[in-house]
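Structure record follows, encoded as structure tokens.
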Amino acid sequence: MVRMTGTKRAILDAALEIAAERGISGTTMDDVAERAGVAKGSLYYNFASKDKLFEGLLGEGMAALTEVLREARTGVEGWSAIEALVTTLLGSIARNTALAKIIAGDIFRTDRAWREASFTFRHDALAEFEVAITEALPEASAVGASALMASSVFGATLMAGLEWLLFDEERPQAEVVAAVLCTFSGRLVPATH
1 MVRMTGTKRA ILDAALEIAA ERGISGTTMD DVAERAGVAK GSLYYNFASK DKLFEGLLGE
61 GMAALTEVLR EARTGVEGWS AIEALVTTLL GSIARNTALA KIIAGDIFRT DRAWREASFT
121 FRHDALAEFE VAITEALPEA SAVGASALMA SSVFGATLMA GLEWLLFDEE RPQAEVVAAV
181 LCTFSGRLVP ATH
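Take the sequence shown: its position 101, counting from 1, is numbered 101 in UniProt numbering, and each next residue is one higher.
Printed below as a string of structure tokens:
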């Protein structure tokens, strides 16, 4: 993915910073223009509305995430692919905590103008997990559970990553990866008597 520069990049970066601090609802176009150091006309020239601004921001972030997840899964299969995806997702969260906070805060909002675009990007990222889960556990796909399992692994990793970075940032990433993977390893299932 080509990185954009100039005014558009400054606007997206400012929107990301403010929304990570205040949430999308608490972010105004005036605040974005001020933080980006651009005139309001320039802001509206690049993004016709706040909805278009956040659709672009989330779309760019999810597309980049999907690409790194795809790369992480390349050349590995099954449980190794799941481990690579969890590790990569946690690394992405660490590199861009602000975007992760916005995604986590907005993922279940159904009233957003960018809901359809967000669903598409989210689906693409989850598909990488679904492929790995299907390889590791073919019977999950046979009963239609692999998509739900992919969502579970992605969601748990996203929330564990935010928990780690916001409340336990001194913990090494490898320990967070191990904890997430342990959660899905089956070791939490009680022994049957």
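Where is the CB? At the ideal position from N, CA and C, for every residue including glycine. These numbers were taken from a predicted model, which means no experiment stands behind them.
> Which full runs of the alpha helix (DSSP H) of 4+ residues lie inside the segment 79-164, going along the chain?
Replying inline: Listed in chain order, the alpha helix (DSSP H) runs fully inside the segment 79-164 are 97-106, 115-136 and 138-142, counting runs of at least 4 residues.
> Measuring CA to CA, which of 132, 159, 160 and 162 is closest to residue 150?
Replying inline: Stepping through the sequence shown from its first residue, residue 150 is reached at position 150. Nearest of 132, 159, 160 and 162 to residue 150, Cα basis: 132.
>> Which residue wins for smallest C-alpha separation from residue 137, given the options 80, 36 and 21?
In response: Taking the sequence shown and counting its residues from 1, the one referred to as residue 137 is at position 137. Of the listed residues, the one whose Cα sits closest to residue 137 is 80.
> The alpha helix (DSSP H) spanning residue 69 covers which residue range?
Replying inline: Your numbering for residue 69 matches position 69 in the sequence shown. It spans 50-73 - the alpha helix (DSSP H) in which residue 69 sits, taken as one unbroken run.
>> Counting beta carbon pairs with one atom in the segment 30-39 and one in the segment 69-86, are three or more of them shorter than 8 angstroms?
In response: Taking 8 angstroms as the limit for Cβ pairs, the verdict is that the segment 30-39 does not touch the segment 69-86.
> Does the pairing of the segment 161-180 with the segment 88-101 give three or more beta-carbon distances under 8 angstroms?
Replying inline: With a cut-off of 8 angstroms, the segment 88-101 and the segment 161-180 count as touching, because enough Cβ pairs lie within range.
>> I'd like the list of long-range same chain contacts for residue 97, defined as Cβ closer than 7 angstroms, with 5 residues on each side in sequence excluded.
In response: One-based indexing of the sequence shown puts residue 97 at position 97. The beta carbon of residue 97 lies closer than 7 angstroms to those of 165 in the same chain, with the five residues before and after it left out.
> For the putative contact between residue 66 and residue 10, defined by C-beta atoms under 8 angstroms, what is the C-beta separation to the nearest angstrom?
Replying inline: The sequence position of residue 66 within the sequence shown is 66, counting from 1. The sequence position of residue 10 within the sequence shown is 10, counting from 1. Between residue 66 and residue 10, the beta carbon gap of about 24 angstroms keeps them out of contact (Cβ cut-off 8 angstroms).
>> Between which residues of its own chain and residue 3 is the CB-CB distance below 7 angstroms, once the five residues before and five after are set aside?
In response: The residue labelled residue 3 in the question sits at position 3 within the sequence shown. Confidence at residue 3 is low in this model, with a pLDDT of 48, below 50, so its placement is unreliable and no value can be given for it.
> residue 146: buried (16+ other C-beta within 10 angstroms of its C-beta) or exposed?
Replying inline: Residue numbering aside, residue 146 sits at position 146 when the sequence shown is read from its first letter. Under this definition residue 146 is a buried residue.
>> Taking only three categories from DSSP, how would you classify residue 7?
In response: Counting from 1 along the sequence shown, the entry for residue 7 is found at position 7. In this structure, residue 7 counts as helix in the three-state DSSP scheme.
> Considering residue 183, what are the terminal residues of the alpha helix (DSSP H) in which it resides?
Replying inline: The residue given as residue 183 occupies position 183 in the sequence shown. Taken as a continuous stretch (DSSP letters only), the alpha helix (DSSP H) holding residue 183 covers 173-183.
> Would DSSP call residue 167 helix, strand or coil?
Replying inline: Translated into the one-based positions of the sequence shown, residue 167 becomes position 167. Looking at residue 167 - three-state DSSP - the assignment turns out to be helix.
>> So, with DSSP's three-state summary, where would you put residue 39?
In response: Reading the sequence shown from its first residue, position 39 is the one you call residue 39. Residue 39 falls in the coil class under three-state DSSP.
> Using the C-alpha atoms, what's the distance from residue 60 back to residue 1?
Replying inline: The residue given as residue 1 occupies position 1 in the sequence shown. The residue given as residue 60 occupies position 60 in the sequence shown. Confidence in residue 1 is poor, its pLDDT being 39 and thus under 50, which makes the residue's placement too unreliable to answer from.
>> Just to confirm, is the Cβ distance from residue 212 to residue 103 under 8 angstroms?
In response: Here the chain covers residues 1 to 193 and nothing more, so residue 212 does not appear.
> From residue 122 to residue 64, what does the alpha carbon distance come to, in whole angstroms?
Replying inline: Translated into the one-based positions of the sequence shown, residue 122 becomes position 122. Translated into the one-based positions of the sequence shown, residue 64 becomes position 64. In a straight line, the C-alpha of residue 122 is about 11 angstroms away from that of residue 64.
> Excluding sequence positions up to five away, which residues of its chain have a Cβ less than 8 angstroms from the Cβ of residue 39?
Replying inline: Here residue 39 refers to the residue found at position 39 of the sequence shown. Once the five neighbours on either side are set aside, the close Cβ partners of residue 39 are 33.
> Assuming residue 134 and residue 127 make a contact with CB atoms under 8 angstroms, what is their CB distance in whole Å?
Replying inline: Looking up residue 134 in the sequence shown gives position 134. Looking up residue 127 in the sequence shown gives position 127. At roughly 10 angstroms, the Cβ-Cβ gap does not stay under 8 angstroms, so residue 134 and residue 127 are not in contact.
>> Please tell me whether residue 99 and residue 16 are closer than 8 angstroms, where the distance is taken between their beta carbons.
In response: Counting from 1 along the sequence shown, the entry for residue 99 is found at position 99. Counting from 1 along the sequence shown, the entry for residue 16 is found at position 16. Result yes, Cβ atoms of residue 99 and residue 16 sit closer than 8 angstroms.
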